[in-house]
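In our numbering, the protein residues as written are 43 to 298. Note that beta-carbon positions come from the ideal geometry of N, C-alpha and C, so glycine has one too. Notes to accompany the following structure.
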């Protein structure tokens, strides 16, 4: 027949005689305790498996792009947090746009503006031939190029990939070929076409190591207004209206 496994309990040389009913009660209690402990282990294992789908990206870096090696001068294009928090030295900055992309809050953030338990939402660029995305390009000295790329590869590790594209000024003149980081649709943190209402709800509540998700949106809007490109992005404007309706007070613009 089917072989049964038993748990072997230690037995000392001293024997204790217990009433038969009490022995049965102790056996039942022991069985319940063991089942409870096994349940905790299984529950913890299941939870860890789910959390690993959106981990903290520890030890990872952004995916590289071979075309980056062809750039004589490094210009970094910022369309999200890089617009207000660069974190690297640069000698020049220019408002400009890249073609064939639209800015969307379709990237889940577990390491900056959210947690694995409640991911926030940050921007990525979604391919769309009819669209352009405005941002800022930052010129980097050759002596800082390698260090800046290494810094950005770690900073943008949460599902982003290096991309090189031409950037243009308001007159349509090419400024330079720029390095930008895009959270492509095949990365695990990409959120496929959520509604603006759903995104606004998450932004109004999420918070992570870099601060509140709503502050990320506020700082993006402020940076776009300073560079006079806010009116060029109806998606961001719509999200701002929705989030303002959900967060009545306590909006902060403190630096993070």
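Annotated as distal: residue 245 and residue 263, with beta-carbon spacing of 7 Å or more. In the DSSP assignment, no residue is bridged to residue 155. Distances from the CA of residue 285 to each of 115, 270, 254 were compared; the closest alpha carbon is that of 254.
Going by beta carbons, residue 166 and residue 225 fall inside the 7 Å limit.
Residue 281 and residue 227 have their C-alpha atoms roughly 21 Å apart. If you ignore the 5 residues before and after residue 238, its C-beta comes within less than 8 Å of the C-beta of 277, 280, 281, 284, all in its own chain and listed in chain order. Looking at the DSSP output, residue 218 shares a beta bridge with 209.
By the neighbour-count criterion, in which 16 or more other beta carbons inside 10 Å mark a residue as buried, residue 106 falls on the exposed side.
The three-state secondary structure of residue 172, taken from DSSP, is strand. Contact between the region 151–162 and the region 183–194 is absent, with fewer than three C-beta pairs closer than 8 Å. Residue pairing by DSSP leaves residue 123 without any beta bridge partner. Rounded to whole angstroms, the Cβ separation of residue 288 and residue 242 is 6 Å, and the two are in contact under 8 Å. Shown here for residue 274: same chain residues with a beta carbon closer than 6 Å to its own, the five before and five after excluded, namely 176 in chain order. Comparing C-alpha distances from residue 220 to each of 209, 171, 164 shows the shortest one belongs to 209.
Closest in alpha carbon position to residue 132, among 171, 179, 202, 272, is 179. Straight through space, the alpha carbons of residue 108 and residue 265 are spaced by roughly 30 Å. An exposed status is given to residue 129, since fewer than 16 other beta-carbon atoms sit within 10 Å of its beta-carbon.
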